[in-house]
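Below is one structure, written out as structure tokens, with a few remarks after it.
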Amino acid sequence: MTVGRWFDRPQKRPDLLIRTIDLLLAADPAFEFRVFGKLVPEMESWHASLEVSARQRVRLHGLAPNAELLEAFQTAHIYLCVSSYESFLIAGAEAMGCGCSLVACDSAALPGPSWFAEDHRGTLSSGPSPEALRDAALMEARAWHGGHRDPAGISAWAVKHMHAGRVAASYRRLLDSEKASRGAES
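Residues 1 to 186, numbered by the numbering used here, are exactly what the sequence shown covers, in order.
Structural data, given as structure tokens:
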């Protein structure tokens, strides 16, 4: 599954998502997709052009209430990020809090995913191409099918490290430490 403000084309790259999904549909008949967020016309026309069997495996939800997103996060295995850059990847963190693993590009402009995907919590693609993302998603699907992903463990890690209260407490400790070190210098 994936979530995005798809109208923000340079960042969210709906064209890359479409090409990646096309490759995954062809590569693995078990892949199904749920796409959330404000859709752009080319996503809807692409979806309408899919063969019926493929169209049934791709659901375009558009904007959805939080309860619907939560249900999707809880039933999905993989969260796919095709963004060119993100500050934190909030939707990915929320998905991981529900037990999803992550597939994203390995990029300096996406600092979160390299940390999120460590220790069997996801797979990073070798680059921002549809082929690289397809390969990473297929590798991640094999990890799930082989029993190498633990949704409860992924969720526990995400809650421990990315819950808003814990992030705020970490920043508070960092600020307190900085203040203490400045006080020691005087």
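Cβ coordinates follow ideal geometry from the N, Cα and C atoms, glycine included.
This structure is a prediction, so every number in the text was calculated from the model and none was measured.
Limits of the alpha helix (DSSP H) - the one that residue i falls within
| i | result |
| --- | --- |
| PHE7 | PHE7 -> no alpha helix (DSSP H), and no H or E assigned at all. |
| GLU86 | No alpha helix (DSSP H) holds GLU86; DSSP gives it neither H nor E. |
| ASP28 | Where ASP28 is concerned, there is no enclosing alpha helix (DSSP H), given that its DSSP letter is neither H nor E. |
| SER129 | Segment: none, SER129 is in no alpha helix (DSSP H) and carries neither H nor E. |
| ALA72 | 66-75 |
| ALA93 | 90-97 |
| ALA48 | 41-49 |
Bridge partner(s) assigned by DSSP for residue i
| i | result |
| --- | --- |
| ALA104 | LEU124 |
| ARG59 | ARG34 |
Residue i: first and last residue of the uninterrupted beta strand (DSSP E) it sits in
| i | result |
| --- | --- |
| LEU80 | 78-80 |
CA nearest to the CA of residue i, picked from the options
| i | options | result |
| --- | --- | --- |
| GLU86 | VAL103, ALA104, LEU110 | LEU110 |
| HIS120 | GLU51, HIS163, LEU63, ARG142 | ARG142 |
| THR130 | ALA26, ASP8, ARG5 | With the sequence shown as reference, residue 130 is identified as Pro, and Thr is not the correct amino acid for it. Among ALA26, ASP8, ARG5, the Cα nearest to that of PRO130 is on ALA26. |
| ALA30 | ALA117, SER114, SER53, ASP106 | SER53 |
| HIS77 | TRP144, ARG9, PHE7 | TRP144 |
| LEU69 | GLY146, CYS98, ALA48, LEU174 | CYS98 |
Exposure label - residue i; buried when at least 16 CB within 10 Å
| i | result |
| --- | --- |
| ASP176 | exposed |
| PHE88 | exposed |
| LEU17 | buried |
| LYS12 | buried |
| ARG149 | buried |
| LEU102 | buried |
| SER170 | exposed |
Tell me the start and end of each unbroken alpha helix (DSSP H) in the region 127-174 that is at least 4 residues and wholly inside, in chain order. DSSP runs (the alpha helix (DSSP H)) wholly in the region 127-174: 130-145, 151-162.
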